[in-house]
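Heads up: the sequence lines are chains A and B, in that order. Quick note on my numbering: the first sequence kicks off at 1 and runs consecutively. Quick note on my numbering: the second sequence kicks off at 1001 and runs consecutively. Built from N, CA and C at the ideal position, the CB exists for glycine as well. Before any comments, here is the structure.
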Amino acid sequence: MYKLILPLFIACSFFQCNPEPDPNTGTLELVFKSSFNGSPLVLYQKDSTNVSDPTTITFKKLDFFVSDIKIQDSSNEWQYIKDAGYVSMANNLSLDAASEGYSMTINEVPIGDYEGLEIGIGLSDQVNATLPGDYSSSSPLGLNANYWASWDSYILCKIEGDIEQSNASVSGFLYHAGVNGMHQIRNYSPSFSIGSNAKTQIVFEIKAEELFFKTGSSIDLINDNQTHSGQSGSDAYNLALKAIQNLSNSIYIP
Amino acid sequence: MGKHFYWIIGLMAVGFFACEDQIIKPSVCNNLEAYNYAPSSYTVIPPEGFPAMEHPDDNPITVEGIELGRHLFYDPILSRDSTISCSSCHQLNKAFTDGLSKAEGIEGRLGRRSSMSLINIGYSWIKNRPHNFMWDGKFTSLEEQIVGGPIEDPVEMDNDWETVENVLRQHPSYPQMFRSAFGINCSDEINRQLIAKAIAQFERTLNSAGSRFDEDLWVPFVYLSAQELRGKTLFEGDAAGATSTKDAECAHCHSFSANKTLFARNEYSNNGLDSVNNLNDFTDLGLGAITGNLSQNGQFREVTLRNIGLTAPYMHDGRFATLEEAVGHYASGGQNAPNLAAELTTAPTLVTLTASEKEDLVAFLHALTDSSYFNKPEWSSPF
């Protein structure tokens, strides 16, 4: 009798904390690492731009929503695995932290072999029509901090920092896309499999120099240094759109 | 028999260690089981424009817990010389602040920072976020703030928790109240965690949003004055339906949404109070002192502007006596520092606000004052 009670007791308390995981699913970990000209991007650190003006750039914030994440299995079926997440480089305050990147874990992904991944940068207009009070604070959609009441929109991306010009003057930059019509969709073709109760990692690299300095899509950090978005078609809107497009295009699976 | 015997001994040992606390100090079990324990659950009613309040799972709110918390909040018994209570520095009709630039503790000891409003305070809790409360984000929960904050702070209540626990255990009425709130059986089960839970429950009921701004949103035919509306447009900037040529950029950091009108982003930033070239040079390191990250030195919490007309003086150190001064500070563009917030370094029209535009902004800030809760009996001293 006693022989049974104690082991039972231990067994109960053990299983209480560890609900039996579903053997038909596994975990997908998306890791976002940002770099500037090949080195991990450390916030509040001055980097030289390799262009004549501005000469240096200091990133202070690089945050954005990702949304509607889907994966494509070997029979070309798409599985929807996550509605929205928030990628934030806020912890990139040291080289170590920046090298580690930001990790987002998606649980209960069906096991199998996959060859496609789709990810939205920003939010669809449909999700953007919801409000922080509609969510709990554990969702990035539940935070006032991510909402821009002036345009009834979430702030889809935040890119902020300082630059230094060749004449030594220092000025700030801020690009917030926070209005409908900004959702970017990226498609990748990584081959990966999800194993039973196992974790699979996919690493993304954000090449931050491409936000501003890529030939053909560069942004003038000196004269067009700020946008909080605006009415569709306005200069502010077009600048915000360019910023989020550049962001989306700067994200690679190496 | 032999094997069974060992199992029995084993089980007893487990039982013994599980209740170690009670066994080591059973000395003053003033038995409370004769008193009724039938707590009534309580649901926080969100003010208009606010979602349901979230709170930690391990502190469900009850009517009895709130009542106990209110008593403790107003009782100077928590301070070493029984002279000050939470309410000394958090006064009801000042949106629970004290009107001082730096708080005053026992024996008139000068605090480090200015007291903070407690209206809608439960809404500043973000689940799983380490830095939710205080100017510098030192505490993650209201409970933690009470356990780790004012009671033992030498410039606040200067007491020690053992003393507080013993005094309450031997008190003529508190043990019974702890019994009805938490179902304890012995008075010596009163401890700092339960004290904190009760006060936090009371704090989570301090919700109100009855300002003229709120009326304008929710009550038909109440409108802000033309001046207040001009101030609102400046506050929000170039917004949909309110195109303006000037943008005071306030709403970025004192943000709100139609169903979460906090007027606080509750993140941390440097809003340009001090001019420093080196991030080590701030007199108060703010968030940086808590996290150890240099770039977070001089960053403070982006607090609510609700009831700001009631909570002078302003900023963590109470440096501005009036809202005019606070607005004047922003309109100057802010003092320079390597981590000055980007919202302020890229604010093209903020520095061009005219005197009358600044007055409009101040008028709008006053429209965030809520006097509807003044002297509310449930929030007032029970003594």
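Subject >> DSSP-derived helix/strand/coil call for B:V1351 >> reply: helix
Subject >> Inter-residue CB distance, B:G1065 and B:K1232 (contact presumed, cutoff 8 Å) >> reply: Between B:K1232 and B:G1065 the Cβ distance is about 39 Å, and since that is not below 8 Å, they are no contact.
**OP:** Check whether the Cβ atoms of B:M1177 and B:H1071 sit closer than 8 Å, and answer yes or no.
**Re:** yes
Subject >> Cross-strand partners of A:S34 (DSSP beta bridge) >> reply: A:I206.
Subject >> Where B:A1034 falls, given that 16 or more other Cβ within 10 Å makes a residue buried >> reply: So B:A1034 counts as exposed.
Original post:
Would a C-beta distance cut-off of 8 Å place B:N1059 and B:E1144 closer than the cut-off?
Top reply: no
Subject >> B:Q1022 to B:L1168 span [Cα, whole Å] >> reply: Model confidence at B:Q1022 stands at a pLDDT of 41, short of 50, so the residue's coordinates are unreliable and nothing is read from them.
**OP:** Assuming B:A1095 contacts B:T1322 (C-beta within less than 8 Å), just tell me the rounded distance between them.
**Re:** About 16 Å; that fails the 8 Å criterion.
Subject >> chain A contact for B:G1333 (CB, 8 Å cutoff) >> reply: no
Original post:
How is B:C1186 classed by DSSP in three states: helix, strand or coil?
Top reply: strand
**OP:** Can you give me the Cβ contacts of A:K82 inside the same chain, cut-off strictly under 7 Å, excluding the 5 residues immediately before and after it?
**Re:** I69 and I106
Subject >> Unbroken alpha helix (DSSP H) run spanning A:H176, endpoints >> reply: No alpha helix (DSSP H) contains A:H176, which is instead part of the beta strand (DSSP E) from V170 to A177.
**OP:** Measure the Cβ-Cβ separation of A:P132 and A:L117 and say whether it is below 8 Å.
**Re:** Result no, Cβ atoms of A:P132 and A:L117 do not sit closer than 8 Å.
Subject >> Beta-carbon proximity list for B:P1026, same chain, < 7 Å, skipping 5 on both sides >> reply: Low local confidence applies: a pLDDT of 46 at B:P1026 is under 50, so the model's placement there is unreliable, and no value is given.
**OP:** Answer with yes or no whether the minimum CB distance from B:N1191 to chain A is below 8 Å.
**Re:** Any Cβ of chain A closer than 8 Å to the Cβ of B:N1191 would place that residue at the interface, and such an atom is absent.
Original post:
Is the shortest distance between the beta-carbon of A:K82 and the beta-carbons of chain B less than 8 Å?
Top reply: no
**OP:** Return the Cβ separation of A:D73 and A:D22 in integer angstroms, given the expectation that the two are a contact with Cβ distance under 8 Å.
**Re:** So it is not a contact: roughly 17 Å between Cβ atoms.
Original post:
With burial defined as no fewer than 16 other Cβ atoms inside 10 Å of the residue's Cβ, what is the status of A:N24: buried or exposed?
Top reply: exposed
Subject >> For B:K1376 and A:I185, the rounded distance between their alpha carbons >> reply: 52 Å
**OP:** Report, in whole angstroms, the separation of the C-beta atoms of B:N1280 and B:I1119, which I expect to be a contact under 8 Å.
**Re:** Taking C-beta atoms under 8 Å as the contact rule, B:N1280 and B:I1119 fail to qualify, at a distance of about 35 Å.
Original post:
What residue does the alpha helix (DSSP H) around B:T1233 start on, and which one ends it?
Top reply: Unbroken alpha helix (DSSP H) run through B:T1233: A1226 to E1236.
**OP:** Closer than 8 Å, Cβ to Cβ, to anything on chain B: give me those residues from the stretch 148-170 of chain A, in chain order.
**Re:** Here the close residues are W148, A149, S150, W151, D152, E160, G161 and D162.
Original post:
In three-state terms, what does DSSP make of B:K1358?
Top reply: helix
Original post:
At a Cβ threshold of 8 Å, is A:N92 touching chain B?
Top reply: no
Original post:
Shorter than 8 Å from the beta carbon of A:P190 to some beta carbon of chain B?
Top reply: So, not an interface residue.
Subject >> Residues that DSSP places opposite A:F59 in a beta bridge >> reply: A:G161
Original post:
Taking just the CA atoms, how far does B:Q1170 sit from B:L1273?
Top reply: 48 Å
**OP:** Select from the stretch 1107-1131 of chain B all residues with a C-beta closer than 7 Å to any C-beta belonging to chain A, and list them in chain order.
**Re:** I1126, K1127 and N1128
Original post:
Given B:I1024, which residues of its chain have a CB within under 8 Å of its CB, disregarding the five upstream and five downstream residues?
Top reply: The predicted position of B:I1024 is uncertain, since its pLDDT is 43 and thus under 50; a value taken from the coordinates is nonetheless stated next. Within the same chain, B:I1024 has no close Cβ partners at all.
Original post:
Which of helix, strand or coil does DSSP assign to A:Q45?
Top reply: coil
**OP:** Find the residues of chain A that neighbour B:S1257, judging by a C-beta separation of less than 8 Å, and give them in chain order.
**Re:** L131, P132, G133, N144, Y147 and A149
Original post:
With C-beta atoms as the reference, is B:G1122 less than 8 Å away from B:T1261?
Top reply: no
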